[in-house]
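For reference, the structure is listed below as structure tokens.
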């Protein structure tokens with residue numbers, strides 16, 4: 001398998017979309033030496049954004065992690081998260097009423113910034129609350145609730161009322177240590193969808209809405225062509241598929257989800273072909 | 001929609017397979033007046049068995065419920081449960097070693113009767129236990145463990161070791177009150193299967209193995225033909241589909257899952273057509 | 001079920017996206033009296049576009065149908081088709097080489113306008129052609145090829161070469177008479193995807209890329225807000241789901257796919273809730 | 001990867017179930033030297049049956065192939081095909097009326113032996129025939145009809161009448177030369193199921209009914225225990241999964257579908273673990 005040098009190929013582009021997990025950070029923290037890459041981008045006047053399937057906290061808190069780890073280039077305005085799309089949905093489609101949610105208080109920040117009244121599923125009482133006041137259910141994070149009690153409550157809520165369900169992160173799992181993962185809210189959403197038989201609204205890569213949102217964001221200031229933007233990610237089914245479909249070039253990095261040994265095999269069996277394969281963004 | 005009289009049609013058969021939930025009992029207890037039906041069967045020399053997707057407790061405990069509620073005809077030898085198929089699997093394919101499981105101690109009784117050493121997932125320590133000693137994982141019941149902690153542990157166990165996973169009940173939900181359901185172990189199995197990408201082994205209706213097991217059971221003593229057996233259930237996708245496929249006649253009753261108003265619509269859209277439709281087994 | 005008057009609700013918007021089949025036309029031709037609606041839109045200065053899952057012919061040919069049927073308002077620049085998205089993909093991601101396709105010569109017009117060399121699967125010889133020169137496969141239309149011969153050839157092509165596969169219309173069926181449908185290329189795509197196990201790239205409603213393409217199109221000239229645009233369609237899973245997810249208001253019409261009797265039931269079971277329900281766009 | 005000697009392990013069993021394609025034959029004909037294996041089985045008094053997902057012709061014609069190729073041991077009574085299960089279904093559940101089918105005249109032999117009137121879809125006229133007389137649709141073979149015309153006709157038939165649909169072979173593809181495959185009727189069944197939204201009745205490995213039918217067949221004469229029977233196949237998802245679930249031991253051979261290089265990888269990712277891996281049945 002031929003490996004491209006990231007620093008060489010990136011010179012063909014004016015802007016880069018970076019996936020976060022497996023590209024910029026992993027379960028041990030920031031991937032070593034990426035500051036060097038951000039200096040290189042700045043020197044070469046290449047713009048960048050972080051495109052992350054994450055609704056567990058606000059862009060501010062997501063940016064804080066990079067800031068606290070010495071990567072000063074990644075500021076709040078560089079972060080584009082799937083949670084932001086959920087917020088956009090609410091802004092356009094839910095003008096008032098109550099929003100029920102599964103997630104932590106940190107994830108609910110998204111919703112509370114708006115004029116909506118939020119209520120965690122854990123505090124919802126199906127017998128006594130006015131269920132009809134709930135206008136939408138948002139799935140934000142796998143933490144912050146009792147899975148057995150609150151998922152059962154969610155199933156019964158969705159049997160009694162017909163509100164849209166927003167899934168703010170489509171990932172199935174996320175890494176928690178070098179060899180362990182945790183079940184993400186995207187998998188929990190599939191469990192619920194499968195049980196109640198309804199179609200939820202999912203936000204996050206590979207969906208085109210995520211890429212479009214990011215592209216509109218970056219083209220507000222600069223008039224980039226799609227040919228001038230590169231998507232860089234470690235996962236074929238989200239980063240590479242989504243980037244390809246959106247019509248931008250794609251680079252798979254082997255610093256995360258996709259193990260070097262298996263990259264070629266997965267590319268062949270899935271039919272999801274990146275334009276480049278790089279060891280990491282530091283090469 | 002034309003409704004058949006159960007007591008009339010059953011005279012065409014020498015044996016009946018009854019589904020349990022929605023046919024013999026519901027969330028309030030025994031369905032009223034079914035004792036009368038069992039007297040009628042006895043009078044007419046029609047044999048019967050209860051075919052239930054249930055691995056939460058042993059046939060003995062399942063039978064006890066009927067006994068305690070005055071239905072003396074339903075004794076332990078009349079119960080055929082999906083849990084019994086899981087036990088059969090272990091008997092044939094797992095001769096020794098440890099069996100990990102998700103479920104209550106009541107459900108694990110199935111496994112402990114054998115010469116296998118059982119360990120609930122909740123007591124498994126991925127760091128210190130000898131993972132290699134585990135020969136099979138059995139999903140028995142949705143209760144008896146901490147969903148968040150133990151499902152995450154199960155995902156990581158299945159990433160580290162390649163053992164068969166047995167699902168002892170394929171139901172998605174079960175009723176807990178007149179208008180509420182609970183998520184069943186079948187749904188949890190799908191969640192895990194979806195995350196780890198492996199193919200589990202599922203036991204329970206509509207699978208042919210369940211019907212075959214029951215049919216072999218009843219024909220040990222009497223040489224019934226398939227034409228002489230009637231499957232009676234309240235759910236098209238399990239009871240009626242499974243019975244039809246197995247080659248026996250089927251009767252849908254409207255005392256459970258399938259609401260009278262919607263029966264015709266569901267039969268038309270699913271293409272799963274019962275031979276008869278009856279209000280309940282007491283008509 | 002409360003029915004809204006289309007002419008009343010449309011006054012709340014500055015632009016409308018119309019689905020074509022079931023809204024503007026059906027298998028008998030143009031839906032009667034819609035000219036009146038287009039006059040009404042013009043009088044009220046409400047802009048409109050036709051958003052159609054169709055790659056069987058060019059926007060020019062699609063517009064010609066309306067022109068020939070007396071609806072002069074629907075000109076070529078009002079048509080936004082899923083085929084146009086496939087063309088966009090090729091423009092950005094496939095600069096040269098051969099494009100293989102399934103479809104009629106009329107559907108291939110999309111591709112031939114570009115600098116690409118096209119070859120229908122029917123003329124491809126797996127033994128003698130240079131398979132490596134094929135850079136992409138595009139599924140355009142269910143007509144124009146021998147299903148048995150050419151679908152088998154396509155499966156073997158995709159086993160030998162790893163190129164992206166573009167599906168230019170995600171619809172499963174389309175109506176051919178009052179009570180008959182035909183299998184659409186979207187279903188054929190699923191058949192192939194299922195066999196070769198690869199992930200194809202699908203364009204068309206409900207995908208966000210279709211709505212985004214249309215929205216960018218209309219906002220080139222006028223700076224509409226999402227709140228000012230209404231999606232009107234006859235199908236919950238494409239028109240209404242896609243519109244809702246994109247963040248615009250949606251109206252279900254009962255002049256096509258969704259039968260009045262079943263509208264409420266389908267809305268309840270799918271959880272796809274339109275903002276309005278109208279008999280047709282002429283009410 | 002450790003390879004077992006087939007001739008060594010088979011001595012632990014009293015009967016063997018052989019898959020046909022990839023085990024006994026391939027696209028070039030009989031796999032060389034298997035007569036030697038059948039002599040060995042006879043010498044060691046080990047019984048055998050051929051379990052094949054095939055409804056394209058009768059057991060008689062299937063046996064003829066082996067007879068004509070010099071393997072005299074494989075006579076008609078040794079063949080157990082998925083087509084035989086479809087016939088069983090009809091025998092039990094469809095006593096009279098017309099049976100519509102997709103397939104060749106050779107495949108329809110199954111049905112015509114019974115007292116049913118058969119009609120190929122190609123000869124069915126939806127406008128003039130009495131559709132109500134059709135009691136069941138059977139999918140037998142991918143050949144013998146015009147795919148475009150007759151699959152569209154089938155979709156419209158299933159929209160107009162609610163009859164059971166029997167799929168007599170669940171395979172997705174079958175090999176036609178060393179490097180080419182053809183789409184099998186199992187894939188066509190999925191296409192139709194997906195379009196009309198109905199649940200078909202599928203027969204063939206890995207379904208338990210196939211194994212049970214074979215097991216009852218062999219135990220008519222000899223009282224074998226499940227522990228005494230070995231399933232031998234080249235495909236994890238049909239032969240090995242089905243055998244494991246049925247509770248018999250399984251051996252994967254590398255002479256067909258599963259390429260030696262990828263066997264270990266597929267076993268790990270699917271979680272379908274054979275008890276043995278052998279190069280072929282001649283080792």
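Protein chains in written order, with the numbering used here: chain F, 1 to 283; chain U, 1 to 283; chain A, 1 to 283; chain D, 1 to 283. C-beta: ideal position from N, C-alpha, C; glycine also. All values derive from a computational prediction rather than experimental measurement.
Is residue i near residue j, with beta carbons less than 8 angstroms apart?
i, j, result
"residue 230 (chain D)", "residue 13 (chain D)", "yes"
"residue 22 (chain F)", "residue 55 (chain F)", "no"
"residue 258 (chain U)", "residue 235 (chain U)", "yes"
"residue 251 (chain U)", "residue 203 (chain U)", "no"
"residue 105 (chain U)", "residue 136 (chain U)", "no"
"residue 20 (chain F)", "residue 218 (chain F)", "no"
"residue 24 (chain F)", "residue 9 (chain F)", "no"
Cutting at 7 angstroms between CB atoms, please list the residues of its own chain near residue i, excluding the five before and the five after it.
i, result
"residue 273 (chain A)", "267"
"residue 172 (chain U)", "184, 186, 187"
"residue 38 (chain U)", "71, 73"
"residue 209 (chain U)", "85, 203"
"residue 155 (chain A)", "192, 195, 196"
Who are the near neighbours of residue i in its chain, counting only those whose CB is closer than 6 angstroms to its CB and skipping five residues on each side?
i, result
"residue 88 (chain A)", "none"
"residue 140 (chain D)", "55, 101, 103, 107, 168"
"residue 69 (chain D)", "30"
"residue 264 (chain D)", "1"
"residue 112 (chain A)", "118"
"residue 262 (chain F)", "none"
Taking Cβ-Cβ distances shorter than 8 angstroms, what residues in chain U pair up with residue i?
i, result
"residue 187 (chain F)", "191, 194, 195"
"residue 63 (chain D)", "Those do not exist, as residue 63 (chain D) stays about 25 angstroms from chain U at its closest Cβ, beyond 8 angstroms."
Contact criterion: CB-CB distance below 8 angstroms. Does residue i meet it with respect to chain A?
i, result
"residue 89 (chain F)", "yes"
"residue 52 (chain F)", "no"
"residue 262 (chain F)", "no"
Going by beta carbon distance, what residues of the same chain come within less than 8 angstroms of residue i, once the five residues before and after it are set aside?
i, result
"residue 131 (chain D)", "157, 160, 161"
Taking Cβ positions only, does residue i come closer than 8 angstroms to chain U?
i, result
"residue 26 (chain F)", "no"
"residue 242 (chain D)", "no"
So with CB distances below 8 angstroms, who are the chain F contacts of residue i?
i, result
"residue 138 (chain U)", "Simply none; closest approach about 19 angstroms."
"residue 151 (chain U)", "147, 183"
So which residues of chain D does residue i contact, with C-beta pairs closer than 9 angstroms?
i, result
"residue 283 (chain U)", "Those within 9 angstroms of residue 283 (chain U) in chain D number zero; the least Cβ separation is about 24 angstroms."
Kindly list, in the order they appear in chain D, the residues whose Cβ is closer than 8 angstroms to that of residue i.
i, result
"residue 277 (chain U)", "In chain order: nothing, as chain D lies at least about 14 angstroms away."
In chain A, which residues lie with their C-beta within 7 angstroms of the C-beta of residue i?
i, result
"residue 228 (chain F)", "Within 7 angstroms Cβ-Cβ: nothing; residue 228 (chain F) doesn't reach chain A, min ~11 angstroms."
Answer with yes or no whether the minimum CB distance from residue i to chain F is below 8 angstroms.
i, result
"residue 207 (chain A)", "yes"
"residue 267 (chain A)", "yes"
"residue 253 (chain U)", "no"
"residue 156 (chain U)", "yes"
Name, please, each residue of chain D whose Cβ falls closer than 7 angstroms to the Cβ of residue i.
i, result
"residue 148 (chain A)", "147"
"residue 247 (chain U)", "88, 89, 92, 93"
"residue 198 (chain U)", "270, 271"
Taking 8 angstroms as the CB-CB cut-off, is residue i touching chain D?
i, result
"residue 201 (chain U)", "yes"
"residue 257 (chain A)", "no"
Exercise. Residues of the stretch 163–185 of chain U with a CB closer than 8 angstroms to any CB of chain F: list them in chain order, please.
Key: From the stretch 163–185 of chain U, only 172, 173, 179, 180, 181, 182, 183 have a Cβ closer than 8 angstroms to chain F.
Quiz item: Which residues, in chain order, does the stretch 213–237 of chain U contribute to contact with chain F at a C-beta distance below 7 angstroms?
Solution: From the stretch 213–237 of chain U, no residue has a Cβ closer than 7 angstroms to chain F.
Exercise. Closer than 7 angstroms, Cβ to Cβ, to anything on chain A: give me those residues from the stretch 80–109 of chain F, in chain order.
Key: Under the 7 angstroms Cβ criterion, the stretch 80–109 of chain F contributes 88, 89, 92, 93.
Quiz prompt | Near-chain U residues of the stretch 33–48 of chain D (beta-carbon distance less than 7 angstroms), N- to C-terminal order | solution = When C-beta distances to chain U are compared with 7 angstroms, every residue of the stretch 33–48 of chain D stays at or above that value.
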